[in-house]
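Structure first, commentary second.
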Amino acid sequence: METIFKDKKVLVIDDFPEMRSSLRRMLDSFGVESCDDVDSGERAIEKMEEKAYDIVLCDYNLGLDRKDGQQVLEEAKHRELLPYHVIFMMITAENTMAMVMGAVEYKPDDYLTKPFTKEVLHTRLKRLLERKTHMVGLEQAIHNKEYRKAIAICDSHLASKPKNIMELLKVKGGLCIKAGDFELAVKTYEQVLGVRDLPWARMGLGKSAYYENRFEDAKKTFEGLIEQNKTNIEAYDWLAKVLVKLDQPEVAQEVLAKAVKLSPNAIRRMNQLGELAHENNDLDTAKKSYKKAIQLGKHSCLKGPEHFTGLAKVLVEQDNTDEALEVAQATRKEFKGNTDADLQASVMEGVIYTQRHEEDKAKEAIGKANKIYEENKGEVSASVTMDMAKVNFAVGDEEHGKDLVQDLVRDHHEDDKLLKEVEAVLENSSLKDEGKEIIEQTKKEIIDINNKGVYLVKEGKMEEAISFLEQAADGLPNNKTINLNAVQAMLLYMERNGKDDSYIKKSRQFLDRVAKTDPASEKYQRLAAVYQGIIAA
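Numbering-wise, the numbering used here comes out as the position in the sequence shown, counting from 1, plus 7.
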């Protein structure tokens, strides 16, 4: 019996009672005193919500028409039920390429094939526990998205030259990327590569190059990783992203298709292939990919209305409006009570009825969408807003169409790619003659608001600046620049005059808005660090 296992809380997930009992006996012999077991993925998620575990042993195959081990892992990660220190080990008797690739790419800490001995399980778990040493102290900072603080904690541990130095450097490199400090990320990964040629370190260099807009360097790195290991799925994903940036969408689709062939059970990648094929006007591949994404989503927390509406859009373009309408209506049934799904379904119904020249039904559908949009302003994605603008113009509702494109410009006035899409929408509308002027005037409106706020801060009129920027941020919840400048003004005021509860609350609210869309923003990270310093003082 070893003390290393004594205080560990373990969850065993397997649909066979005999296997659960066998694993419990093994764990008992290791000295584990707290062990729960469940027979399904659904129950496993419930247990992880109820209790914090240190070790999770999960079988891959958990029964027909139920969540499998891959879906348990993806949901646990998606819902942040697996902090860094927790060990998740996938156990299976299967070894098909699709299953292995699907399970491994969600990055369990280890993968164990049946049959295995007690000694093998003991050795693997002991090694993983040693590797995870020092992770507990990092978790709160990471959970709070305080990446600078987490990096400092890593450095503190690294200074003592621990046994798990490579694990800590791996975590530190990832944190540097999340913090937007790509220069430090490169130094960290190069430090690793100076000792050992580890694929994850080269992957980190490739990601850093991508974020620094060094796309050719990133391309070479990811191609090299694929050449070294033809099953490196993550490298395919990143190479496809780089190729899109290099304006090679057809080649990007080919790369993503290879990844899907290797690992066909990843719902997000399948949907991305659908989107890319749709953009490339490869409607057959898009249709097939969206349908597969819907199928994969049956027991997955990652299923979304966009999989259904993506398919509906393709069907409309193929002149199959009957099936498109069925898919749009299925979206609402599949995501009952989900406002976003209801909105997307209504927009698609508007598109479909417009194509079928059923004007009254089209206006009714888009009218419903406009109502939902107004009730949830600030929470609707740019892509859905863009679709709404198109269909409003199509049914002759110029006023709503113009309002929607102006909302897009106000929220994303520094996003050149999105502004070009807005320009294309206006070019195909009744407002094509004044499209560029609408965009420029709306951009100027936001720039003027921002400049006024900055001017008031420089003049030392802090309370006036805060009031002005706070009002602007509340009216523009998706505008990163306005929200961060409002935070900056409030933090500057508190640095000079001491804490203010209302400013602390508002600063947190505005920081959280930006964290949802761009947590790697250098300015966000810097202001988040100042915020933490103020509330800790």
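Cβ coordinates follow ideal geometry from the N, Cα and C atoms, glycine included.
- About 29 Å separates the beta carbons of Lys468 and Asp525, which is beyond the 8 Å limit, so they are not a contact pair.
- The residue among Ala536, Ser47, Gly317 with its C-alpha nearest the C-alpha of Leu69 is Ser47.
- The region 146 to 157 and the region 17 to 36 do not touch, with fewer than 3 CB-CB distances between them shorter than 8 Å.
- Between Leu71 and Ala284, the alpha-carbon positions lie close to 31 Å from each other.
- Between Val398 and Val354, the C-beta spacing is below 8 Å.
- Proximity of the region 403 to 422 to the region 448 to 463 meets the contact definition, three or more beta-carbon pairs being nearer than 8 Å.
- Under the three-state reduction of DSSP, Thr140 is assigned to coil, being neither helix nor strand.
- Cβ neighbours of Ala472 within its own chain (closer than 7 Å, five residues either side excluded): Gly460, Leu463, Val464, Ala496.
- In the displayed model, Ser270 falls within coil according to three-state DSSP, outside both helix and strand.
- In the three-state DSSP reduction, Val321 falls in the helix class (H, G or I).
- For Tyr118, the enclosing beta strand (DSSP E) begins and ends at 117 to 120.
- In the DSSP assignment, Val19 falls within the unbroken beta strand (DSSP E) covering 16 to 20.
- Membership of Asp66 in the beta strand (DSSP E) is indicated by the continuous run 62 to 66.
- Proximity of the region 163 to 174 to the region 182 to 198 falls short of the contact definition, fewer than three beta-carbon pairs being nearer than 8 Å.
- Between the region 22 to 29 and the region 50 to 60, the count of C-beta pairs closer than 8 Å stays below three; the two stretches do not touch.
- With respect to the 8 Å criterion, Tyr91 and Leu136 are not classified as neighbours on the basis of their beta carbons.
- Here Val63 is not near Val39, since their CB atoms are 8 Å or more apart.
- Arg339 and Gly505 have their C-alpha atoms some 50 Å from each other.
- Under the rule that a run must span 4 or more residues, the alpha helix (DSSP H) segments found entirely inside the region 468 to 510 read 469 to 482, 487 to 504.
- The residues Pro312, Ala348, in chain order, have a CB closer than 6 Å to that of Phe342 in the same chain once the five nearest residues on each side in sequence are set aside.
- The beta carbon of Ser215 sits closer than 6 Å to the beta carbons of Phe189, Ala192, Val193 from its chain, once the five residues preceding and following it are set aside; these are given in chain order.
- One Cα belongs to Ser270, the other to Asn278, and the distance between them is close to 13 Å.
- Counted as a single uninterrupted DSSP element, the beta strand (DSSP E) harbouring Thr99 occupies residues 94 to 99.
- Every alpha helix (DSSP H) of 4 residues or more that sits fully in the region 405 to 434 is shown, in chain order, as 405 to 418, 423 to 434.
- Proximity to Arg417 across Ile456, Ser436, Asp440 peaks at Ile456, based on C-alpha coordinates.
- Inclusion of Ser436 and Gly408 in the CB contact set at 8 Å is warranted, their separation being smaller than that value.
- As the crow flies, the alpha-carbon of Asp75 is around 44 Å from that of Glu365.
- Between Asp117 and Asp66 the beta-carbon gap is near 14 Å, outside 8 Å, which marks them as no contact.
- In this structure, Ile359 sits away from Thr316, with a CB-CB distance that is not shorter than 8 Å.
- Each residue's CA atom was taken as its position, placing Glu382 and Asn171 some 51 Å apart.
- Residue nearest to Gly213 within the set Ala186, Ile445, Lys248, Gly201 is Lys248 (criterion: CA-CA distance).
- By the CB criterion at 8 Å, Ser296 and Gln78 fall outside the cutoff.
- For Arg73, the closest C-alpha among the options Glu219, Gln198, Leu263, Gln302 is that of Gln302.
- With contacts defined as CB atoms closer than 8 Å, Glu174 and Met210 fail to qualify as a contacting pair.
- Relative to Tyr217, the option among Arg533, Val251, Ser41 whose CA is nearest is Val251.
- Burial check for Ile542: the Cβ neighbour count within 10 Å stays below 16, so the residue is exposed.
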